[in-house]
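Undergrad: Residue numbers (the UniProt record's numbering): 1 to 501.
The structure is reproduced here in structure tokens:
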């Protein structure tokens with residue numbers, strides 16, 4: 001089917017960490033809008049996002065090399081209309097490494113382009129941007145830049161982790177360019193364990209299994225006008241959302257110049273996964289700086305009356321066809337602080353379609369604050385408290401000690417190691433990645449990779465979380481404190497309103 005996703009594509013990382021050899025951007029194949037009904041918004045990757053990515057390097061993407069063995073993923077015109085040269089060099093995959101002739105052709109195309117355009121970047125992709133792409137980029141570095149085979153393989157792996165993960169590709173590079181050593185391929189990344197669909201994919205291999213997990217990611221949403229709705233993630237990656245409408249509450253037109261804050265969740269309803277964007281704050285409404293006003297009642301009512309309710313009326317009247325939208329938009333519910341005990345009861349939690357992990361207490365009378373806000377209280381059970389670290393795998397050595405490899409944990413704003421993990425196969429491919437860890441029996445324990453973040457928690461945040469783990473605020477203490485402080489106060493004097501996190 002022409003709109004069927006490539007196997008193992010969905011959670012495959014989009015792009016290399018930075019330009020490889022200061023020339024190449026390696027990435028998985030983008031998919032155009034005909035695939036959107038199969039791709040949740042948070043996982044979409046279009047040709048335009050590649051061009052947006054290179055803007056931060058203040059360089060032009062001048063050459064786009066497509067190594068896939070198909071043309072169904074996107075229209076090459078999307079590339080060429082941006083003044084970028086599109087070059088198709090089909091490589092089969094299916095366990096076949098690029099041939100000697102294909103490798104020579106790739107190197108010739110790249111060398112000729114660089115000679116004429118020395119400052120431009122070159123985009124290279126296969127289906128996933130790892131094996132065929134990695135093979136040819138390594139071959140270029142070996143033949144044109146006099147790199148050793150081992151250096152080229154490891155360098156590619158550093159910038160596009162875990163690198164070439166098919167053993168036969170590594171074996172062929174060594175056989176072709178330096179037959180005096182061997183190298184073991186890294187373990188397959190977790191995203192390879194994604195259910196395969198039985199159709200003629202560009203890069204098919206043996207069967208595997210899938211496991212669905214609840215996910216929650218923060219996004220800001222900019223509503224410029226009709227057909228101009230954008231999402232902004234934690235890394236300031238901006239992408240357009242298609243088929244999402246926001247009618248004006250009082251006028252026969254679309255909302256304009258409105259900025260929202262919220263999170264995308266995947267709810268499980270009747271065995272089906274449904275993406276939902278939960279709006280929990282608003283910064284600007286139609287060029288009005290509502291972010292300076294009180295959260296309650298001004299900003300919260302603005303979300304309900306000006307954003308969500310007009311959409312709901314349009315859905316009921318048929319002016320918005322809900323089934324064509326990429327996800328639903330609802331308000332994130334807040335309650336009076338005295339309702340905290342009810343929100344933590346099992347009876348209430350069972351009514352939710354996604355897994356909660358705590359409460360956030362939102363100040364009612366403060367303006368919107370960008371970045372960390374010391375007045376917002378995030379509470380969760382101490383066993384769920386965690387820190388997002390940057391993992392750096394390093395060798396520890398010195399006089400009188402046995403050299404060993406371990407995973408050192410770093411936080412933002414500090415070059416001093418915050419903690420460490422034992423080196424094992426779970427973390428071996430996560431060097432320089434952001435990972436989430438919890439403290440258990442005095443030792444940091446790996447929980448998961450944070451693919452939605454590019455930076456660790458700040459030192460201040462990390463210290464605050466560590467303190468909350470070592471000296472936790474228990475559920476009982478929290479509820480008793482709320483009860484004591486709330487006694488005799490009217491609704492008007494409640495300064496914080498909790499939401500379920």
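We put the beta carbon where it would ideally sit given N, CA and C, even for glycine.
At which residues does the alpha helix (DSSP H) containing residue 388 begin and terminate?
TA: It is not in any alpha helix (DSSP H) - residue 388 instead sits in the beta strand (DSSP E) that spans 387-398.
Undergrad: For residue 71, name the three-state secondary structure that DSSP assigns.
TA: coil
Undergrad: Would DSSP call residue 201 helix, strand or coil?
TA: Note that residue 201 scores a pLDDT of 41, beneath 50, so its modelled location is shaky and nothing firm can be said.
Undergrad: In whole angstroms, what is the alpha-carbon distance linking residue 278 and residue 246?
TA: 15 Å
Undergrad: Measure the C-alpha to C-alpha separation of residue 332 and residue 265 and round it to an integer number of angstroms.
TA: Taken atom to atom, the span from the alpha-carbon of residue 332 to that of residue 265 is near 11 Å.
Undergrad: In the segment 230-309, which residue ranges form an unbroken beta strand (DSSP E) of at least 3 residues, counting only runs that do not cross its ends?
TA: Counting only runs of 3 or more, we get 238-241, 258-269, 272-284.
Undergrad: Here's the rule: buried if 16 or more other CB atoms are within 10 angstroms of the residue's CB, otherwise exposed. What is residue 66?
TA: buried
Undergrad: Measuring alpha carbon to alpha carbon, tell me which residue in 40, 471, 468, 444 is nearest residue 239.
TA: 40
Undergrad: Does the count of Cβ pairs from the segment 12-22 and the segment 157-167 closer than 8 Å reach three?
TA: yes
Undergrad: How big is the Cα-Cα spacing for residue 226 and residue 274?
TA: 24 Å
Undergrad: In terms of alpha-carbon separation, which member of 221, 468, 216, 164 lies closest to residue 377?
TA: 468
Undergrad: Are residue 388 and residue 457 closer than 7 Å when you measure CB to CB?
TA: A contact, by the Cβ cut-off of 7 Å.
Undergrad: On the DSSP bridge list, what partners appear for residue 405?
TA: 395
Undergrad: Can you grab the Cα-Cα spacing for the pair residue 509 / residue 221, in whole Å?
TA: Since the first residue shown for the chain is 1 and the last is 501, residue 509 is missing from the structure and cannot be characterised.
Undergrad: Would you tell me roughly how many angstroms separate the C-alpha atoms of residue 406 and residue 10, rounded to the nearest one?
TA: 31 Å
Undergrad: Could you check what DSSP says for residue 37 in three-state terms: helix, strand or coil?
TA: helix
Undergrad: Please look up how many angstroms separate the CB atoms of residue 57 and residue 30, rounded, as I've assumed it's under 8 Å.
TA: In fact, because the Cβ distance is near 18 Å, the residues do not count as touching under 8 Å.
Undergrad: CA-CA distance, residue 413 and residue 452?
TA: 20 Å
Undergrad: Quick check on residue 253: buried or exposed, where buried means 16 or more other Cβ atoms within 10 Å of its Cβ?
TA: Label assigned to residue 253: exposed.
Undergrad: In or out: residue 402 buried (at least 16 other Cβ within 10 Å) or exposed?
TA: By the neighbour-count rule (16 or more Cβ atoms within 10 Å), residue 402 is not buried but exposed.
Undergrad: Once DSSP output is grouped into helix, strand and coil, what is the label at residue 63?
TA: strand
Undergrad: For residue 194 and residue 423, I'd like the C-alpha separation in whole angstroms.
TA: With a pLDDT of only 47 at residue 194, under 50, the local geometry of the prediction cannot be trusted, and the value read off the model is given with reservation. Cα-Cα distance, rounded: 26 Å.
Undergrad: Would you check if there are 3 or more beta carbon pairs closer than 8 Å linking the segment 393-400 to the segment 311-325?
TA: no
Undergrad: Would you give the residue range spanned by the alpha helix (DSSP H) that residue 138 belongs to?
TA: 131-144
Undergrad: To which residues of the same chain is residue 183 closer than 7 Å at the C-beta, ignoring the five residues directly before and after it?
TA: 150, 153, 170, 174
Undergrad: In the DSSP assignment, what residue or residues form a beta bridge with residue 444?
TA: 439
Undergrad: Below 7 Å between beta carbons: does that hold for residue 139 and residue 103?
TA: yes
Undergrad: Between the alpha carbons of residue 249 and residue 309, how many angstroms are there, rounded?
TA: 8 Å
Undergrad: Just to confirm the assignment, what range does the alpha helix (DSSP H) spanning residue 176 have?
TA: 167-177
Undergrad: Closest to residue 178 by CA distance: which of 185, 147, 166 is it?
TA: 147
Undergrad: Let's test the definition: count the other Cβ atoms within 10 Å of the Cβ of residue 484 and tell me whether it reaches 16, buried, or not, exposed.
TA: By the neighbour-count rule (16 or more Cβ atoms within 10 Å), residue 484 is not buried but exposed.
Undergrad: If you draw a straight line from the C-alpha of residue 318 to the C-alpha of residue 242, how long is it?
TA: Straight-line measurement puts the Cα of residue 242 at about 18 Å from the Cα of residue 318.
Undergrad: Taking residue 125 as part of the alpha helix (DSSP H), name the residues at either end of that continuous run.
TA: Not the alpha helix (DSSP H): residue 125 falls in the beta strand (DSSP E), residues 121-125.
Undergrad: Can you grab the Cα-Cα spacing for the pair residue 205 / residue 28, in whole Å?
TA: Note on residue 205: pLDDT 36, under 50, position unreliable in the model; the coordinate value appears next. Between residue 205 and residue 28, the C-alpha separation is close to 17 Å.
Undergrad: In three-state DSSP terms, what is residue 311?
TA: In the structure shown, residue 311 sits in a helix (DSSP, three-state: H, G or I).
Undergrad: Taking 7 Å as the threshold (C-beta atoms), are residue 364 and residue 436 in contact?
TA: No. Outside cutoff.
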